[in-house]
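Participant: Residue numbering for the sequence shown is 679 to 1606, as defined by the numbering used here.
One structure is given below, represented as structure tokens, and several questions about it will come after.
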Amino acid sequence: MPRRTRHHALFDRLRTPRKLPGFLKAASVCVLMAGLLSPLVQATPAAAAASNDYCGGQCSDILPPGENGNATLAQVLLNQVFGTQPDHAEDQLGPYNNLATGYSTLTDAKINTFFNDSSFGVASDQVASTESPAGRSDVTIVRDKKTGVPHITGTTRYGTEFGAGYAAAEDRLWLMDVFRHVGRGQLTTFAGGAASNQGLEQEFYRNAPYSEADLQAQIDNAVANNGARGQQALADANAYLAGINSYIDASDSGRYFPGEYVLTGHKDSITNAGTIDHFKITDLVALASVIGTLFGSGGGGEVNNAISLLAAQEKYGVTEGTKVWESFRERNDPEAALTVHNGESFPYGTKPDNPQGEALPDAGTVTTEPLVYNATGTGADQSASAASAAATATALSSAKRGMSNALVVSGKYTASGHPIAVFGPQTGYFAPQLLMLQEIQGPGISARGASFAGLSMYVELGRGQDYAWSATTSGQDIIDSYAVELCQDDYHYLYHGTCTAMDEVEQTNSWKPTTADGTAAGSYTMKVWKTKYGPVEYRATVGGKKVAYTTLRSSYMHEADSIIGFQMLNDPDYVKSPQTFQSAVQHINFTFNWFYADSSHTAYYNSGNNPVRASGVDPEFPIWGQAAYEWQNWDPTTNTADYTPASAHPNSIDQDYYISWNNKQALNYTTASWGDGSVHRGNLLDDRVKKLVAAGGVTRSALVKAMADASLTDLRAEDVLPDLLKVVNSSTVTDSTAAAAVTKLQTWLTAGGKRTETSAGSKTYANSDAVRILDAWWPLLVKAEFQPGLGDDLYTAFTNNLYIDETPSAAHGPTGAHAGSSFQYGWWSYVDKDIRSVLGQTVSGPLAEQYCGGGSLSACRDILISTLKTAAGTSASTVYPGDSLCSAGDQWCADSIVQRTLGGIKHYNISWQNRPTFQQVVEFTSHR
């Protein structure tokens, strides 16, 4: 089972810089570092007040690896040679890791052994430093001893935001610089031409090919359309930028800027020649476009959907083929885990009775639109081509990067009578981390939590004075594919009957070797053709006519708009109740599930600009680029349209409990990604929280335990393996190899089906052989179960719509292997429904056909035993083939989580957990 390790990492090559003679000689390193170290003057510690905190010491959070994401050149070299860490670069990684083996004995009193106390302020004896950035008298930044988190307190709004910008640059300047270049499609020019860098910039440029004018237009529109709040957001952003740029100037003159600027050739370590460019307001939009594309843009994949539908109709005929396709699509599966589970329906994206305007491609004519042109050197080599192909597949996939989870319980079912929440986003694992922790206190702002680096003028996920909030990716469809008929040539199309030229947008990048990235010189041009219906993604013919398939996203050209919602969430005078919370997040156009808890209430709201589609349009498939099929009241100049009202979005207040792990939101609410069926990782949370609520008396530690237990559980083992074994054991297993495998699997299942160490730090799984067998068996059994019935073409088409498997060691998702997040996308629901059908069990929303053994229990059993024997005989080195981090056969290492390097500091890998990167545990005791 080959495993591909993708590195969106700028410094995986940073081992021994070739341009530093004698680099590995410790004495030389020490001499070099002695000249590089610059002392930072810090003021006398001071205490901070926290009279506005209503959590009673019962709010906690965690964000590995550590708050400090900046390192001077000397610190980078020390880390590379000796493994030493800068202060607060890694001090949250250990507690985060330790929960995997420590949760079983967790009590409320022990929670902050594994989390940070996220109370407002810093006790006087815990103050590590206090500074007044740029000598300002209207803001101070206090950092605590334990984690180094900045606590920013301002007496003016400008000073507060200036301090937020200064603190952000102190902790994440290099990372912020990296991602403003990613957002502009200029990463390779800035950081080097490694294949991973090429792939990363291509992935985002294809989805958001913005010019400088486009970025500025977003700011102008967001300000103009939001009155006083829009003006305040602009003022906040400018103050924030001033703080960033003040730190850039101070660190440059003081020579304590991040060492990566030297290693990538932007600064000279001896003369200090070179510049670190100031940030400008359009950089913030470029950063927002990256984050929005990564985590908040549900939809796409219509062309792939069309290809698999055509394959199904070719196999079974139009009527039956459509039924088969719909059964695999599971738009509204009655067995799906729901976030709003009270029976309320929120129809969206449902199948129309009489579809209109579909523009399905002629079979075999679809080609992906090229992005890269005129490649030279390492821009045209084999690794570059592979990275480009992977970036294209990721950018165009309908299986978006859904991640994050939430467990929220009403006070009616808790021991204290107050609601409890354990929630947070899964944003991958990076070094430095994409998110950063902070507390901001100033006029109109009072919050602590996490924000994406470079966008931290407000806390984006965290807690206010008497409430907390978090989000998970929702993935409802806000992207449509239009087929525009070509005219004149391949770069003109019919728009409302007029032959119209496409707009050509391009970005030319070149690079040369640096100490950090030794990739040989190369270059290429990325070119996107844009229409009024969005960028061109594919070309094909429809009924013999040449067309281009475009992608139109409701948040395209509107990434800046969501700043208003985040501003509201930080405003204690705005958010005072579940209703005002819901009102705030309605101003966020990214596709997220939002959760809320205060001392008395809980709430949920699904955000995003859901376009109102023309009557009869099926959002699953490409439609003709014609006026009759456009979004209602769509204006191509501003990319605005009519959107579904807030009441039509899944929402709820004070439900008994809420869970979310990117599962289906509510009845009849269709998400763009496949796999919302009978088995989903959301079930791992739902089953556990439902039991807690039924018993009552829920505590913070009990809810953390439920999360942690789910985070170590193999979804296939808990929810599919029992029925697989029922089929296998439907008669006596006489084959000794198969019988031994069954015994091992049953033993593991009885123990809980978890992928966990035998003891803390053992780096060996309990029931490791059973884990290996299931990892090897799953792809074999899926193929043997479904391919004969579906046929090669349809089976392949369906696997392009939905991955077969997503184990911890798989290379799916935004960070490749070692990324933690697992078991979101896979065929477990298909296997579950098919096997239950073969067993004669009742299945709601069954597949249209029976596949395992053609519906014969004995034939199905033969298939399972045959593939199980093969799996049992597959060596660990084959199942876990090894990569740059792990040797072949090292099961624990293959699953382990790596903080993917985006800078010069490396960290140790930790044991697998399927849990949020940033996570809060909250239980407020009172309210204003």
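We put the CB at the ideal spot given by N, CA and C, even for glycine.
#1: W1207 bridges to which residues according to DSSP?
#2: Is there a Cβ of chain B sitting closer than 7 Å to that of E1004, yes or no?
#3: For K674 and I985, I'd like the C-alpha separation in whole angstroms.
#4: Reducing DSSP to helix, strand and coil, say where H1640 ends up.
#5: Use the C-beta contact count for K1432: other C-beta atoms within 10 angstroms, 16 or more gives buried, fewer gives exposed.
#6: Between the Cα of P742 and those of A1128, S1409, N904, spot the shortest distance and give me the residue it belongs to.
#7: Might you give, ordered along the chain, the residues of its own chain that have their beta carbon closer than 7 Å to the beta carbon of A1566, omitting 5 neighbours on each side?
#8: Mapping DSSP to helix, strand and coil, what is W852?
#9: From D1158, V1411, V759, pick the residue whose C-alpha is nearest to that of K1210; which is it?
#10: Mapping the DSSP letters down to three states, classify D1365 as helix, strand or coil.
#11: Please report how far the alpha carbon of S1148 lies from the alpha carbon of K1441, in whole angstroms.
#12: Please work out which residues of its chain come closer than 8 Å, Cβ to Cβ, to V1617, disregarding the five sequence neighbours upstream and downstream, and give them in chain order.
#13: At the level of alpha carbons, what is the spacing between N775 and I1588?
#14: Can you check which of these residues, V754, Y1481, R1359, is closest to T1017 by C-alpha distance?
#15: Any idea if V996 is buried or exposed, counting beta-carbon neighbours within 10 angstroms, 16 or more meaning buried?
#16: Could you name the residues that DSSP lists as bridge partners for K1404?
#17: Let me know if A1306 comes out buried or exposed under the rule of 16 or more other beta-carbons within 10 Å of its beta-carbon.
#18: Could you check where the alpha helix (DSSP H) with K1383 kicks off and where it finishes?
#19: Can you round the beta-carbon distance between I1241 and A869 to whole angstroms, since I take them to be within the 8 Å contact cut?
#20: Hey, is the region 1519-1536 in contact with the region 1473-1482, meaning 3+ C-beta pairs nearer than 8 Å?
#21: Beta carbon of M1135, beta carbon of Y918: below 7 Å?
#22: Name the two residues that bound the continuous beta strand (DSSP E) containing R933.
#23: Who are the near neighbours of G735 in its chain, counting only those whose CB is closer than 8 Å to its CB and skipping five residues on each side?
#24: Among the candidates V1371, I959, A1462, whose CA atom is the shortest distance from the CA of G914?
#25: Give me the DSSP bridge partner(s) of G1140.
#26: Going by C-alpha distance, which of E1008, E1047, A989 is nearest T1028?
#27: Taking the alpha carbon of A1417 as the reference point, which residue from G1551, L1480, Y1171 has its own alpha carbon closest?
#28: Can you give me the Cβ contacts of P1110 inside the same chain, cut-off strictly under 7 Å, excluding the 5 residues immediately before and after it?
#29: When you compare only the Cα positions, how much space is there between F1244 and A1326?
#30: Determine the DSSP secondary structure at V1086, reduced to helix, strand or coil.
#31: Would you mind working out which of T1595, S738, P1012 sits nearest E1117, comparing C-alpha positions?
#32: So the candidates are L1115, R1217, S782, S1604; which of them puts its Cα closest to the Cα of D1275?
#33: How do the region 1019-1028 and the region 1340-1349 stand: do at least 3 beta-carbon pairs fall below 8 Å, yes or no?
#34: Please determine, among V1290, L1452, A1373, the residue with the shortest C-alpha to C-alpha distance to K1090.
#35: Hey, I1156 and G1286: beta-carbon distance below 7 Å or not?
#36: Does DSSP put T1474 in a helix, in a strand, or in coil?
Facilitator: Taking the coordinates as given:
#1: E1182
#2: The displayed structure is made up of one protein chain only, and chain B is not part of it.
#3: One cannot answer for residue 674 here, as it falls past the ends of the chain, which runs 679 to 1606.
#4: Outside the shown range of the chain, which is 679 to 1606, sits residue 1640, and nothing can be said about it.
#5: buried
#6: A1128
#7: S1555, Y1558, P1559, G1560
#8: helix
#9: D1158
#10: helix
#11: 32 Å
#12: There is simply no residue 1617 to check, as the chain begins at 679 and stops at 1606 in what is shown.
#13: 6 Å
#14: R1359
#15: exposed
#16: Partner(s): none; K1404 has no beta bridge.
#17: exposed
#18: 1378-1389
#19: No, I1241 and A869 are not in contact; Cβ-Cβ is about 27 Å, not under 8 Å.
#20: no
#21: yes
#22: First-last for R933: undefined, no H or E at that position.
#23: D795, S797
#24: Rather than Gly, the amino acid found at residue 914 in this sequence is Asp. If we check each option's Cα against that of D914, I959 comes out closest.
#25: G1127, W1147
#26: E1008
#27: G1551
#28: G747, R850, L853, L1580, G1581
#29: 22 Å
#30: strand
#31: S738
#32: Per the sequence shown, residue 1275 should be read as Ala rather than Asp. Measuring from the Cα of A1275, the nearest candidate turns out to be S1604.
#33: yes
#34: A1373
#35: yes
#36: helix
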